[in-house]
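Residue numbers (the numbering used here), protein chains in the order written: chain A, 174 to 449; chain B, 744 to 1031; chain C, 3 to 350.
If you want it as structure tokens, here you go:
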């Protein structure tokens, strides 16, 4: 590319990188404080804690009833991933392969739940779920979380399906494969990498989805992120280290899946859905 | 009949759309209209605009719009303004993957965890203030949490990566040959930015601004955890939440949610309207 | 515009590395005023790197570039004042044709009236007079190409760089634009460096051709020199000598090479000693003839309008590309031969 040659230009480049560096240092710093604090015995006026211990993890495990919370998180996330795949992939296939009147309208229908922030549609949605008697139940939480993830899967999968040559399917039919056989033997293997990537992204997003779960969860259907919110909200009731121990558990859960997801997708896809 | 439909694109494959469409209608469109309808049935009885009148006559409620805008507008402007130069540099990197991966982390962790980290890190005894005091950059600890700046910073920490990654995707869509062509014709770096890159980037930036703004405008957990939720950071989502889950006034909560949506839609519509006056076409050179 | 009246552009051992890869290894060349130079070579030979280094879009690793006695490789691209035509044209999609062409003049802060007349003149030169208000996206490929050329030449640069400008056009348009480029160069007379991988383009346009391979200059010469007497087997192969074969050379009354059992009289290029050597023959120079000394069996032959071109194999399996004036059939044995001055011999 074009090399920056003027002194002012070099200064500008330096300033930009300095800014990025400052941002990253602070970002890593705030993550590190959580980790360090979760292992500290006491930490007040020094750079590092007085001593280190792992006992907060044990106490967090009991105090916050983490087994129940992790179980609920697992149920919600598992169901959301499965259902958004089942609802989203066929719809994406239809959107990618067929042109029909009103397609733009359907596309808008799928775009809206992703563009409108969860807290905005979450309150009316929670109200409806209360009316239906689903609020507070695991099913209510799952349904609420599906609202942005189903469109997400559709929008990620459409370009992926479009790049698969439809002639592959026609060829399979020419060789006598029935619809079901074509689907299981030809389409699914071809689509699998895309489905995997989309569902991993759904998984990461659902673990971290605070607003919708918060608005619809009851005492038995809290996920990890909502439990963390309540713990931080009620800071002072419990030891800060205990809260941070839970935060670390949450972080590990999220980041492990993120790292796995990043093996299949580009980091920018987490924000921008798909390559243009 | 069947053939006629198939010719227009309706056949067995199109039917695969049905479950997803019904789902979105039932759980997104219907609740929206249900909430709209509910907002006209105030808890006190009757039908009418009572909820909206109450919102716009009670400063404790209508002030939330201003307070939210006071956060969302500057944060979004800042994030967009920083994203552009950073994205322009990152575009030149051979391996931007590590950087983008680091930046995806706060988005993935979400606002709640960032809030907890900030309470530690930006607190009066946190590492940042300790460093400032140690290096003599400040005489007293800076108050960065439980006020406006706490929420502001949290919106930067989770918002900047989001804005940046969106901007990056638009920046990389601009053909690098265009900038080289500008340089060959004598345009200096600033002129290349002003005359070539910026005009091509503006439509994308408008969309980036909208999405970032909408996110910032719906700030919720960090306003409670890092701000002063009874004071300067009593944002509109806090008001809606309070109405619904503390006062159990669902009609009022729905009304606030509708107002929230209208402000978002209003600002987005205004921006996209302005954008339609600009060049909209491929950002590549030559035949695209 | 003091640079416009330069006498010579001189590249002195211009080199460029990418990490451990030497993309350009010491290119030296002097370009005279008004000269049309083609940089010719296969993809990956370093010709685009050379052009980008010249343009200032890529810094040199070592060496220097001079315009008369002014060193310019330390200047940024915007300070060199060269014109450039990009492979994908790189027209500014948000500016009208007129704005695109006038961009360079605007950067020089020329008066408005001057810009207008000079843009109009450039548009007339490239025959786009009525298209001034359109956006590039509304033009055809050939028209976009004309805009790109007009934009590069309107500032009257001392040197115009062209990076495979015709590679995105279809065959018919390519021939048409080739003639256009020749016409525009003739009427403006600005020195041009033209990168291409197409030897026909290079032969038909250039005053001199620089053949690059693996980042090194293989030969610099006029089209006639390169076509008739390539200095290196690589160049020969590139100039259409499809039969590049290992041989043995004997030096006596005449220079002779062996091919299988046959012995042929040949023309030495750089051979001074007997022993292993490389010979090069064009397919069109290798034909069946009554006294042809090389027996070979036809494998395939295709009709090309006036004559036939085909592949035949010798007894030891060596493949030969030949031309025949009459129909030949696969399986038929031919006796191939070539004129001695059409057989070039290089030191191995």
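Every residue gets a Cβ at the ideal spot worked out from N, C-alpha and C, and that includes glycine.
Scanning A:441, A:363, A:384, A:240 for the CA closest to the CA of residue 855 of chain B turns up A:384.
When the five nearest sequence neighbours on each side are left out, the beta carbons in the same chain lying within less than 8 Å of the beta carbon of residue 222 of chain A are those of 209, 210, 212, 213, 214, 215, 216, in order along the chain. 8 Å or more divides the Cβ of residue 850 of chain B from the Cβ of residue 895 of chain B. Nearest Cα to residue 891 of chain B within the set B:995, B:787, B:977: B:977. Listed along chain B, the residues sitting closer than 8 Å to residue 110 of chain C by beta-carbon distance are 929. In the three-state scheme derived from DSSP, where H, G and I count as helix and E and B as strand, residue 358 of chain A is classed as helix. Measuring C-alpha to C-alpha distances from residue 794 of chain B to each of B:783, B:922, B:981 identifies B:783 as the nearest.
When DSSP reads this structure, residue 259 of chain C sits in a beta bridge with C:251, C:266. When secondary structure is reduced to three states using DSSP, residue 234 of chain A falls in the helix class. Looking at the DSSP output, residue 328 of chain C sits in no beta bridge, so it has no partner there.
Shown here for residue 344 of chain C: same chain residues with a beta carbon closer than 6 Å to its own, the five before and five after excluded, namely 287 in chain order.
Each residue's CA atom was taken as its position, placing residue 294 of chain A and residue 844 of chain B some 30 Å apart. Within chain B, no C-beta atom comes less than 9 Å from the C-beta of residue 364 of chain A; the nearest is roughly 13 Å away.
Per DSSP, the unbroken alpha helix (DSSP H) holding residue 206 of chain C starts and ends at 201-207.
DSSP places residue 164 of chain C in the strand class (E or B) of the three-state scheme.
In the three-state DSSP reduction, residue 131 of chain C falls in the helix class (H, G or I).
Using a CB distance cut-off of 8 Å, residue 934 of chain B counts as an interface residue toward chain C. Counting along the chain, residue 839 of chain B sits inside no beta strand (DSSP E), nor does DSSP assign it H or E at all. The beta carbon of residue 839 of chain B does not come within 8 Å of any beta carbon belonging to chain C, so the residue lies off that interface. The count of Cβ pairs closer than 8 Å, one atom from the region 249-259 of chain A and one from the region 359-379 of chain A, reaches three, so the stretches are in contact. For residue 892 of chain B, the nearest beta carbon of chain A is not closer than 8 Å to its own beta carbon.
If you check each beta-carbon in the region 418-432 of chain A against every beta-carbon of chain B, the ones closer than 8 Å belong to 420, 423, 424, 427, 428, 431. DSSP places residue 297 of chain C in the uninterrupted beta strand (DSSP E) bounded by 296-305. For residue 311 of chain C, the beta-bridge partners assigned by DSSP are C:304, C:325. The region 82-94 of chain C makes no contact with the region 176-194 of chain A, as fewer than three CB pairs between them are under 8 Å. A straight-line Cα-Cα distance of about 30 Å links residue 339 of chain C and residue 215 of chain C.
Judged by their CB atoms, residue 284 of chain C and residue 243 of chain C are nearer to each other than the 8 Å cut-off. Nearest CB-CB separation between residue 311 of chain A and chain B: not below the 8 Å threshold. Of all alpha-carbon atoms in C:333, C:232, C:320, C:302, the one lying nearest the alpha-carbon of residue 260 of chain C is that of C:320.
Residue 14 of chain C has C:66 as its beta-bridge partners, per DSSP. With respect to the C-alpha of residue 107 of chain C, the residue from B:988, B:763, B:928 having the closest C-alpha is B:928.
Contact of residue 939 of chain B with chain C is assigned, a C-beta pair being separated by under 8 Å. Residue-level contact check: residue 888 of chain B does not touch chain A, since none of the beta carbons of chain A fall below 8 Å from its beta carbon. If the five residues before and after residue 222 of chain C are omitted, its C-beta is found closer than 8 Å to the C-beta atoms of 31, 210, 211, 212, 213, all from its own chain and listed in chain order.
Shortest Cα-Cα distance from residue 311 of chain A to any of A:242, A:408, A:433 involves A:242.
The Cβ atoms of residue 771 of chain B and residue 998 of chain B lie no closer than 8 Å to each other.
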